[in-house]
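Notes to accompany the following structure.
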Amino acid sequence: MSEIERPTPDPTPEEVREAQALREALEGHGEHELAELAGALKFAHDPPEIDPALNETLVRAAIARAHRSGSRVVYVAFGAATALALAAAVALLVTRGGVERAPELALSRSTQSLFDAPFPRQGGTSARVDRIAEARARDYRANLFARMGVR
Amino acid sequence: MNAAAIAMPFPWPGMIREMRTSASRATKVAAVTEPRATQGALDEKRLVERAKAGDRAALGMLLSHHGPKLYRCVLLPRLGSEARARDALSATYEKAIERLALYDWQPCGIYPWLRVVAMHIALDMIRASRREVLFQSEDLAREIDVAESALQRNQGTAHYDQVQEQHDLDHARRRVRDALERINPRYAQAIRLRVLEERPREEVASTMGVSAATFDVLLHRSLAALKKALATDAPERQEP
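Line order of the protein sequences matches chains A and B. The numbering used here applies: residue 1 is where the first sequence begins, and numbers increase by one. The numbering used here applies: residue 1001 is where the second sequence begins, and numbers increase by one.
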């Protein structure tokens, strides 16, 4: 007797629970082994496109990983880019040859100029520290570049 | 070496637009004329040459252009899960970069080669998995043999990737149809309406002449029957 001709047996409580769990999984709540199979069927029958942003992320990550692991293809590109950067640096040094003027550097000073209002009694500490750190980091970079002759 | 390409950030501003235009063009198979296809193949040939010479932008453009097809037509139907297909695509990119130096340009373009790389990745994942999937490892291994033979014989034309894309989609749909034909037709109908056509549960229950709660049980039995049918095709995934 084929499956279709057989009388449909009443579901057991366990089967009802499983059916309920499957329904919820198909509606996006929880997981069920058969919901995964249903998903596989759907993906084979009507596969969606990949999100272009996700694809770009995967491409970037793969290229970055290849670079880290020293893949020949990417290594050549980075090597060439490094060579160009070195050449540019050398050219910069050469063209600046003979210029001995001392660079103007940012000096140590009070942080008072960074704040134009009295501090509140409570709160804002982190924001103030961030502002100071940002300003001093900017000074540090400026000094560093000035010493290297980059303006 | 194209110094301008090296200096450009990746992706460069026009790259996404260029890829979208290219992808859009690829979907309009009927509208593609021979001269345009030839031009596209020439462009891709240049990109491959640049990528092999180490141009990251060209490499990124090739992968970005062909990756969505690999995901949609090769990996997702065979692996049956978005997460696994994403992992497989990522692994495909890595493997393709690693082996690009070994690739020799062919008139059919780089897509068939990338497809073989992707299928090898999918095969490894299917072999390592214990899930029931529509594509068995033996079938996939056979597909890879066919694809590699075609590559070695240098078969294909400038349209080959589009033909292959459609072939892969049709093949996956045929797989679904064949699998459903192996179970009770009422079970197959329940799966077709609720899963493939994504019709609302209540509507499908009504169509099938049962209550919504009874339909839940019917669908559970349908998918369990399909899982059993697929498992009989997968002797290599039995308990070791």
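All C-beta atoms in this analysis are idealised placements derived from N, C-alpha and C, irrespective of residue type, glycine included.
**OP:** Count the other C-beta atoms from every protein chain shown that fall within 10 angstroms of the C-beta of Arg1142/B, then say buried if there are 16 or more, exposed otherwise.
**Re:** So Arg1142/B ends up on the exposed side.
Original post:
When the Cα of Ala1188/B is compared with those of Arg1115/B, Lys1227/B and Arg1046/B, which residue comes out closest?
Top reply: With respect to the C-alpha of Ala1188/B, the residue from Arg1115/B, Lys1227/B and Arg1046/B having the closest C-alpha is Lys1227/B.
**OP:** Go ahead and pull the three-state DSSP assignment for Gly1209/B.
**Re:** Correct three-state label for Gly1209/B: coil.
Subject >> Beta carbon proximity, Lys1227/B to chain A, threshold 9 Å >> reply: By this cut-off, Lys1227/B is an interface position.
**OP:** Measure from the C-beta of Val1176/B to each C-beta in chain A and report whether the shortest distance is under 9 Å.
**Re:** Interface annotation, Val1176/B: in contact with chain A, CB-CB separation under 9 Å.
Original post:
Is it true that the CB of Gly1080/B sits closer than 9 Å to the CB of Asn55/A?
Top reply: No, these two residues do not count as a Cβ contact at 9 Å.
**OP:** Would you mind working out which of Met1061/B, Ala1128/B and Leu1102/B sits nearest Val1117/B, comparing C-alpha positions?
**Re:** Relative to Val1117/B, the option among Met1061/B, Ala1128/B and Leu1102/B whose CA is nearest is Leu1102/B.
**OP:** Work out the CA separation of Gly39/A and Pro48/A for me, nearest whole Å.
**Re:** Going from the Cα of Pro48/A to the Cα of Gly39/A covers about 12 Å.
Original post:
With a cut-off of 8 Å, do at least 3 Cβ pairs link the region 1105 to 1120 of chain B to the region 1057 to 1066 of chain B?
Top reply: Short answer: they touch.
Original post:
So, are the CB atoms of Ala1179/B and Ala1229/B less than 9 Å apart?
Top reply: With a cutoff of 9 Å on beta-carbon distance, Ala1179/B and Ala1229/B are scored as near each other.
Original post:
DSSP on Asn1184/B, reduced to helix/strand/coil?
Top reply: Assigned with DSSP and collapsed to three states, Asn1184/B falls in coil, not helix or strand.
Original post:
Is the beta carbon of Ile1183/B sitting closer than 9 Å to the one on Leu41/A?
Top reply: No; because the gap between Cβ atoms is not below 9 Å, this pair is not in contact.
Original post:
Is the Cβ-Cβ distance between Ala133/A and Leu105/A less than 9 Å?
Top reply: In this structure, Ala133/A keeps its C-beta atom at 9 Å or more from the C-beta atom of Leu105/A.
**OP:** Just the C-alpha distance for Thr57/A and Pro1077/B, rounded to the nearest angstrom, thanks.
**Re:** Going from the Cα of Thr57/A to the Cα of Pro1077/B covers about 22 Å.
Original post:
In the region 1115 to 1126 of chain B, which residues sit with their C-beta less than 9 Å from some C-beta in chain A, listed in chain order?
Top reply: Sequence-ordered contacts of the region 1115 to 1126 of chain B with chain A are nonexistent [C-beta pairs closer than 9 Å].
Subject >> chain A within 9 Å of Val1217/B, Cβ atoms only >> reply: Flagged as an interface residue toward chain A: Val1217/B, by a C-beta distance shorter than 9 Å.
Original post:
Quick one, which residues of the region 1057 to 1069 of chain B are near chain A if we go by CB-CB under 7 Å, in chain order?
Top reply: Against chain A - using a Cβ distance shorter than 7 Å - the residues of the region 1057 to 1069 of chain B are Leu1059, Gly1060, Leu1063, Ser1064, Gly1067 and Pro1068.
Original post:
Is Phe115/A helix, strand or coil by DSSP?
Top reply: Secondary structure of Phe115/A (DSSP, three-state): coil.
**OP:** State the start and end residues of the unbroken alpha helix (DSSP H) segment that holds Pro1112/B.
**Re:** Tyr1111 to Ala1128 is the span of the alpha helix (DSSP H), which, as asked, contains Pro1112/B.
Original post:
With 9 Å set as the bound, which would you pick, yes or no: does the beta-carbon of Gly1080/B sit closer than that to a beta-carbon of chain A?
Top reply: The beta carbon of Gly1080/B sits closer than 9 Å to some beta carbon of chain A.
Subject >> Partner residues on chain A for Tyr1103/B, Cβ-Cβ distance less than 7 Å >> reply: Ordered by position in chain A, no residue passes the 7 Å Cβ test against Tyr1103/B, which lies about 10 Å from the chain.
Subject >> Backbone secondary structure at Gln122/A - three-state DSSP >> reply: Residue state, collapsed to three classes: coil.
**OP:** Return helix, strand or coil for Gln1136/B, following the three-state DSSP convention.
**Re:** Gln1136/B: coil per DSSP, three-state reduction.
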